[in-house]
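Here the structure comes first, spelled out in structure tokens, and everything after it is commentary.
Chains as they are written, first to last, in the UniProt record's numbering: chain A, 1 to 275; chain B, 1 to 272.
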């Protein structure tokens, strides 16, 4: 059952008054061997915004996401989360969650224990942890599978468990690295819709990495188009469509026009790289 | 069809097959052994028949029983010591590459030097015979525990490790919640190998020590029976050693299945 229709459309968050969640100032990544993984990027993402990093393999989209998460260090430039350096995020009282391409669940633990893990690592009191885990499992529709082991679930359900583990810390910023890349298209579309529902209810800031044009158009308010060799940002495209978006949006003319536009940008950028 | 209700006969159960099929082979072999020896009139001082062996086993139980207990004691003590030392060393190795780099060659040296060659020295140096035997057997059994556990502790999924790092987990949390569970299948595989090696080590140590008196195990019984050409008793002692070895292996397999059977491929039918 979709309750999305009861939720008011998300306001467009690109107004100057919205506080900035992420600010990248000339952030770049060069590896020790001289490979330029990412040319300097300037990017501002407002609180509550859903943006997508779209591009082919090797365009640095995952690198950028990992730098925002603090998993890797930029070689130069400044990266701020709520006006603080990435490693000082805790001082702002904000939390981030990172969802990997694979579910990365512990195979020896049940879904419940996997989802509970971040809370136990943080030392959240058991009763509060119980409550939050139950809520997170319900949000992704896995409450009946709490005691199942990851291997007993389908790929899509494992991904839901992984998302529940991301949600249980009540994040303000959700970083998703091709989370549905390994799933079949039907499951992926279903999870995309569920993700949008959740986002509208909770107004997280979401940074979503994908190489699927259709996924990018369907999900985001803004698409950051990237290209490879060297990794760089080539365009920042606004998807100015109202929420909630449902399956009919996927079939609309506007959707095709956005997809076509992004496609042309990607092709042009890859030709530029080749020359 | 009404016949399909009992479509799976009792024998089709894979768990039962795993016991029944080898058992049938054993019975066939024992019967063949008995028949061939009787037909060819092979004397008992060369090869005894199974009946003679089991007769010796029952008649000489007064000697073999305590010997079995003694060998079991050495095996159990050295196995326990191997697990303790092995796990400890593996944990230390995983803490630092430098320590592993420095000491691993010497652990390998211990492993490749035949215990039979070192045993006489240990027997001379350690005045307590039981302790000397336990040390010999431990020397033999400890290596698989060290190498397998260390490998397991390192074989953590990179994705999970990144996740733990992201959540700012402490070193101890990573060790207890990630490295230890990951290492369990490797550890249990090592237990299976190591329990058998502890038994072999115990037998070898007894052969070398070869003391008389009260502290004598099955190996000593084999030596004595050999001197006296009491071949049926020799076979009976050999039989007991084999039974202990099989029981150890089965016990460790059972333990492994109970501990990791639900989630690990190696112990689960679904992994096949």
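Here a beta-carbon is modelled for each residue, glycine too, at the ideal position from N, C-alpha and C.
Cβ of residue i within 8 Å of any chain E Cβ
i                      : result
residue 262 of chain B : The structure shown contains no chain E; its protein chains are A and B.
Bridge-paired residues (DSSP) for residue i
i                      : result
residue 52 of chain A  : A:208, A:223
residue 36 of chain A  : A:30
residue 76 of chain A  : A:28
residue 97 of chain A  : A:174
residue 233 of chain A : A:226
residue 20 of chain A  : A:46
residue 238 of chain A : A:222
Reduced DSSP secondary structure (H/G/I, E/B, other) of residue i
i                      : result
residue 25 of chain A  : strand
residue 42 of chain A  : strand
residue 110 of chain B : helix
residue 81 of chain A  : strand
residue 202 of chain B : helix
residue 281 of chain A : Outside the modelled stretch of chain A, which goes from 1 to 275, sits residue 281 of chain A, for which no answer is possible.
residue 58 of chain A  : coil
residue 154 of chain A : coil
residue 53 of chain B  : helix
residue 282 of chain A : There is simply no residue 282 of chain A to check, as chain A begins at 1 and stops at 275 in what is shown.
residue 147 of chain B : helix
residue 13 of chain B  : coil
residue 47 of chain B  : coil
residue 214 of chain A : helix
residue 102 of chain A : coil
residue 246 of chain A : coil
residue 146 of chain A : coil
residue 42 of chain B  : coil
residue 103 of chain B : helix
residue 229 of chain B : coil
residue 216 of chain B : coil
Residue burial classification, residue i (beta-carbon count within 10 angstroms, cutoff 16)
i                      : result
residue 194 of chain B : buried
residue 113 of chain B : exposed
residue 170 of chain B : exposed
residue 221 of chain B : buried
residue 210 of chain A : buried
residue 238 of chain A : exposed
residue 90 of chain A  : exposed
residue 276 of chain A : Summary: the structure shown does not reach residue 276 of chain A, with chain A confined to residues 1 through 275, and so no result is reported for it.
residue 148 of chain B : buried
residue 24 of chain B  : exposed
residue 114 of chain A : buried
residue 16 of chain B  : exposed
residue 61 of chain B  : exposed
residue 260 of chain A : exposed
residue 13 of chain B  : exposed
residue 42 of chain A  : exposed
residue 271 of chain A : exposed
residue 19 of chain B  : exposed
residue 196 of chain B : buried
Partners in chain B for residue i, counting only beta-carbon separations shorter than 7 Å
i                      : result
residue 69 of chain A  : 166
residue 179 of chain A : By Cβ distance, chain B contributes nothing, its closest Cβ being about 12 Å from residue 179 of chain A, past 7 Å.
residue 149 of chain A : 262, 263
Rounded separation between residue i and residue j - CA only
i                      : j                      : result
residue 32 of chain A  : residue 74 of chain A  : 12 Å
residue 48 of chain B  : residue 229 of chain B : 11 Å
residue 109 of chain A : residue 139 of chain B : 35 Å
residue 44 of chain B  : residue 56 of chain B  : 12 Å
residue 105 of chain A : residue 203 of chain B : 45 Å
residue 6 of chain A   : residue 198 of chain A : Unreliable placement is indicated for residue 6 of chain A, whose pLDDT of 44 sits below 50; the coordinate value is still reported in the next sentence. Rounded to the nearest angstrom, the two C-alpha atoms are 13 Å apart.
residue 110 of chain B : residue 145 of chain B : 13 Å
residue 158 of chain A : residue 137 of chain A : 12 Å
residue 191 of chain B : residue 119 of chain A : 34 Å
residue 173 of chain B : residue 146 of chain A : 23 Å
residue 93 of chain B  : residue 127 of chain A : 38 Å
residue 272 of chain B : residue 264 of chain B : The pLDDT assigned to residue 272 of chain B is 35, lower than 50, so where the model puts this residue is not dependable, and the model offers no usable value.
residue 213 of chain A : residue 97 of chain B  : 45 Å
residue 254 of chain A : residue 208 of chain A : 21 Å
residue 70 of chain A  : residue 192 of chain A : 25 Å
residue 168 of chain B : residue 122 of chain A : 9 Å
residue 224 of chain B : residue 244 of chain B : 20 Å
residue 215 of chain A : residue 79 of chain B  : 57 Å
residue 123 of chain B : residue 209 of chain B : 7 Å
residue 59 of chain B  : residue 129 of chain B : 28 Å
Within chain A, the residues that residue i reaches when beta carbons sit closer than 8 Å
i                      : result
residue 163 of chain B : 98, 100, 104
residue 169 of chain B : 121
Beta-carbon neighbours of residue i, restricted to chain A and to distances below 9 Å
i                      : result
residue 159 of chain B : 100, 101, 102, 103, 104
residue 181 of chain B : 106, 107, 108, 109
residue 173 of chain B : 120, 121
Contact list for residue i against chain A, beta-carbon separation under 7 Å
i                      : result
residue 189 of chain B : Residues of chain A passing the Cβ test: none, with the nearest at roughly 16 Å.
Proximity test, residue i beta-carbon vs the ligand ZN heavy atom, cut-off 7 Å
i                      : result
residue 191 of chain B : With respect to the ligand ZN, the structure shown offers nothing to examine, as it has no ligands at all.
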